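Input: a single structure, listed below in structure tokens.
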Amino acid sequence: MKEHGWQLVWSTLETASLLFFVAFSLFWFVFRPLSVLTSGLAEQRKKKRYIPIVDAGVSVILPCHNEEETIEEAVQSILNQSISYPLEIIVVENNSTDNTMDVLRHLEKKYPEVRAASILTRRGHCAVSEAMNHGISLAKKPIVVRLDADTQLGTPTALEEAVTPIVQGKAVATCCNVRITNPTTTLERLQAIEYFFAMELDRRSQVVYDSVLCCSGAMSAFQLDALKAVGGYHTNPNISEDMEITLKMHKMGRVAVNQRAISFTDAPRKTKVLAKQRYIWMLYGIICLFVHRKQIGDQRFGRRGLVGLIGLPLKVVQTYQAFVGIAVKAVGAFLISGDSIEEMIWSFGLLSAVHVIVTGMIMAIVSLVAYSRQGVNYWYLLPLFSLVYQPFLALVRFWGTLAGLWIILKDSGSRTRLARYDEDHTGPAQEYIA
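Just so it is clear: in the sequence shown, position 428 is 429 by the numbering used here, and no numbers are missing.
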């Protein structure tokens, strides 16, 4: 009787595992790409309609540190943009040790649109956030665009596309389409594939359920009043400032995505540098989620509560999708082969091959509505991407997660240290306008 009971429990678990395996696979590999395809086709059929605002204008804020050799090129690329609105470019130098400030003074004299500023970051504060907050305090236009100093604008209308949802009154912030600058090595091309899926699939599927979670620091646009209302950027150096400002903007209104606003950013060329970058991103992201822990699962957070109920929980799955994929394949291999170890190995290998094929099919589907096809031409790297690159990143992110949790647990023993994450770090800094 007891043995029969265990058999019933085991049979129930097998059935539940099979149902979860099928449901998750359908959602992740079928519903997401098809929802992006249908929404993309509908978007392509829409005619562009610009609704001009009388006092519309754009303040581009460009934080920079030791950029004397590249900052003039960055400013010139902004000035070359075709944009319908008055433009000002606020370049904020931060703790540079080279001649960046001298170059900025020269640019300010040369171009009337350019304003040069400088700020000294306070100890224990994020330099980029301090620079952005200083730029926000100087901005005179109703729309702010953040650009990193190494960002290259992908089209002559990238700035106009970035601000359009805000000008039309449809959003308080816009996330843009970020890609890799001139990928030549295998590692860079793997990152190009990663960015293709991140921008054209993950982010566009977030749009479907109104849960965009991160406006990349490479290029993003905001309504100035909304930025000021939420207190600007959080300046704790252990927080992902671009993700944190995006989550705060959800409290003010809709966060839109415009895939036509394409920009390019530099990518790590060495595996060690890539691992360090993603480790830090994950560590800071975990602490950011801790700051907004009350919103996880909160049906009142974001439009219709979808950010809290769907966006944040699914972010966990997206972050560790390589581990999830391995788990799904392992469960599938077990259900197919039973107790035979040899058959399980063969089944796992077969499902891994199917995984690569399905990834290729998803790439083909999404590419039909992609605004940048960079990464698609490296389709031959998909086996390496799916079976090696993604698990490697998942492992790095796992260590970043542990490090972030350790910092939170360590600081939770002190209310003073814990308060650093919950308070708004937007106080005055040592600053001057050059």
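C-beta atoms are modelled at their ideal positions from N, C-alpha and C, and glycine is treated no differently. This structure is a prediction, so every number in the text was calculated from the model and none was measured.
For residue i, the three-state DSSP class (helix, strand or coil)
i, result
"residue 216", "coil"
"residue 62", "strand"
"residue 224", "strand"
"residue 74", "helix"
"residue 257", "strand"
"residue 148", "strand"
"residue 168", "helix"
"residue 115", "strand"
"residue 129", "helix"
"residue 381", "helix"
"residue 245", "helix"
"residue 392", "helix"
"residue 374", "coil"
"residue 141", "coil"
"residue 69", "coil"
"residue 401", "helix"
"residue 348", "helix"
"residue 233", "coil"
"residue 270", "coil"
With 16 other Cβ atoms within 10 Å as the buried cut-off, status of residue i
i, result
"residue 402", "buried"
"residue 192", "buried"
"residue 381", "exposed"
"residue 263", "buried"
"residue 272", "exposed"
"residue 278", "exposed"
"residue 204", "buried"
"residue 87", "exposed"
"residue 431", "Residue confidence is low: residue 431 scores 34 on pLDDT, short of 50, so the model does not pin down where it sits. No coordinate-derived value is stated."
"residue 417", "In this prediction, residue 417 scores a pLDDT of 45, lower than 50, which makes its location untrustworthy; no coordinate-derived value is stated."
"residue 49", "Because residue 49 carries a pLDDT of 49, less than 50, the predicted location of this residue cannot be relied on, and the following value inherits that uncertainty. Exposed is the call here."
"residue 295", "exposed"
Closest Cα partner of residue i within the set the options
i, options, result
"residue 251", "352, 134, 175", "175"
"residue 396", "245, 284, 225, 360", "284"
"residue 356", "385, 82, 373", "385"
"residue 67", "141, 142, 150, 117", "150"
"residue 120", "101, 114, 392", "101"
"residue 261", "160, 400, 146", "160"
"residue 363", "169, 137, 157, 195", "195"
"residue 376", "202, 407, 230", "202"
"residue 293", "373, 78, 242, 393", "242"
"residue 58", "72, 169, 104, 123", "169"
Residues that residue i bridges to, as DSSP identifies them
i, result
"residue 95", "120"
"residue 264", "154, 179"
"residue 89", "60"
"residue 174", "223, 256"
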